[in-house]
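The block underneath contains the structure these notes are about, expressed in structure tokens.
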Amino acid sequence: MTPEKLAFENQKLEKRLCREVGRAIVDYNMIGEGDRVMVCLSGGKDSYGLLDILMKLQKRAPVNFELIAVNLDQKQPGFPAHILPEYLSKLGIKFHIETQDTYSIVKEKIEPGKTMCSLCSRLRRGILYRVARELGATKIALGHHRDDMLQTLFLNMFFGGKLKGMPAKLVSDNGEFMVIRPLAYVPEKDLIRWAEHRQFPIIPCTLCGSQENLQRKQVGNLLRDWDKQFPGRLENMLHALQNVVPSHLMDRSLHPFQTLQTTGAPVEDGDLAFDEEPLVAPAPAADADAEEVNVRPRATVIPIAATT
Ligand code: SF4
């Protein structure tokens, strides 16, 4: 690729990332006037990308909000503690590095060979909530992207017996914070390319020595294969998460199957008996590489979350 072509592609990618993050923020009313957003930074490509794009949107948003980057140094062996402070100082953004040796606790409590992730993430969550409280954060932003959300949906179906994904916005389990995922619409492949382009100083995520979650890895591979073989499939799947039809599922708490009555009048979305459901793909998003969506003021946001 010529340097000119590469520069053009990177510019398109930046516009797309800003548009998709802006769209998710608006759709789920994630950030409003006066918010103090704590951006959790792990040193991986996703959280670097999240901070980078939020900083770009912050400059042009019609609402004022604050960003504070927070990293938790868990004292994993070989963690290069200087990288994030140096990077964040250069950016000139407010940041806080919290140092807590959760690594030793996890090593001590979990038998060798057993997975450490659940205790590790529980400890991390507690610490991040405390830090958010101390910093006066109103929102906690995490770097999960579209593919994480789809993977979670499949994992919950395969192993949890639940039709449950990863929410774009939800109150924290202790009820205290609003957790937001502004990368909800962003494909992982775009974050990989953005990290290469921006040359983020990535910190490896294997320092703890924990086994990779095999099931998550397998589902990730499945999604990547589908994305190559059937372009648009992952976009449709994300769209499906936003278009739930309870009458066509089997959850008795979401649809009154027990007391259902006929009315004699045609029913939109009624049962088609032996006919197959027509499969109509949602209209593709307009090619808006030319257009950008900004974070809009809270008052102009349609609260679609009220339907959930
Ligand atoms: S991979 Fe390592 S750092 Fe991440 S949650 Fe698991 S034990 Fe903790």
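So for the sequence shown, our numbering puts the first residue at 117; every next one is plus one. Here a beta-carbon is modelled for each residue, glycine too, at the ideal position from N, C-alpha and C.
Look at the region 200–271 and you find these whole runs of alpha helix (DSSP H), each 4 residues long or longer: 218–225, 233–251 and 262–271.
A straight-line Cα-Cα distance of about 22 Å links PHE270 and VAL396. By the neighbour-count criterion, in which a residue is buried when 16 or more other Cβ atoms sit within 10 angstroms of its Cβ, CYS321 is exposed.
Every beta strand (DSSP E) stretch that sits fully inside the region 139–199 and reaches 3 residues is listed by chain position as 152–156 and 182–189. The beta carbon of ILE296 lies closer than 6 Å to those of MET146, LYS255, ALA257 and LYS285 in the same chain, with the five residues before and after it left out. Considering only HIS313, ASP217, GLY229 and PRO228, the residue with the shortest C-alpha distance to LEU239 is ASP217.
Apart from the 5 residues on each side of it in sequence, LEU338 sits with its Cβ closer than 8 Å to the Cβ of PHE270 in its chain, given in chain order. In the three-state reduction of the DSSP assignment, MET294 falls in the strand class, which pools E and B.
The C-beta of ASN187 has 16 or more other C-beta atoms within 10 Å across all chains shown, which makes the residue buried.
Assignment of LYS344 by DSSP, reduced to helix, strand and coil, places it in the helix class.
According to the DSSP assignment, LYS305 belongs to the alpha helix (DSSP H) that extends over 304–314.
DSSP lists MET294 as the beta-bridge partner residues of VAL287. Here the region 157–169 makes contact with the region 313–331; the two share three or more CB pairs at distances below 8 Å.
In this structure, the straight-line span from the alpha carbon of VAL137 to that of PRO228 is close to 40 Å. Contact between ILE184 and HIS212 holds, since their C-beta atoms are separated by about 6 Å, short of 8 Å. When DSSP states are grouped into helix, strand and coil, GLN331 belongs to the helix group. In this chain, ARG368 is not harboured by any alpha helix (DSSP H), its DSSP state being neither H nor E.
Just so you know, the alpha carbons of ASP385 and ASP391 end up roughly 13 Å apart. Taking C-beta atoms as the reference points, ASP151 and PHE124 fail to come closer than 7 Å. Note on geometry: alpha-carbon atoms of MET273 and LEU279 lie some 6 Å from one another.
At least one heavy atom of the ligand SF4 is found less than 6 Å from the C-beta of MET232.
Setting aside the 5 residues that flank it on each side, GLY336 is surrounded in the same chain by ASP263 and GLN267, each with a C-beta closer than 8 Å to its C-beta; the list follows chain order. For the pair PRO362 and HIS371, the CB atoms are nearer than the 7 Å cut-off. Per DSSP, reduced to three states, the secondary structure at PRO320 is coil, with no helix or strand assignment. By alpha-carbon distance to GLY325, the top candidate from SER220, THR379 and GLN374 is SER220. Within a 10 Å sphere around the beta-carbon of ARG249 sit fewer than 16 other beta-carbons, which makes this residue exposed.
LEU235 sits close to VAL222, with the two beta carbons spaced by under 7 Å. Here DSSP, grouped into helix, strand and coil, assigns MET117 to coil.
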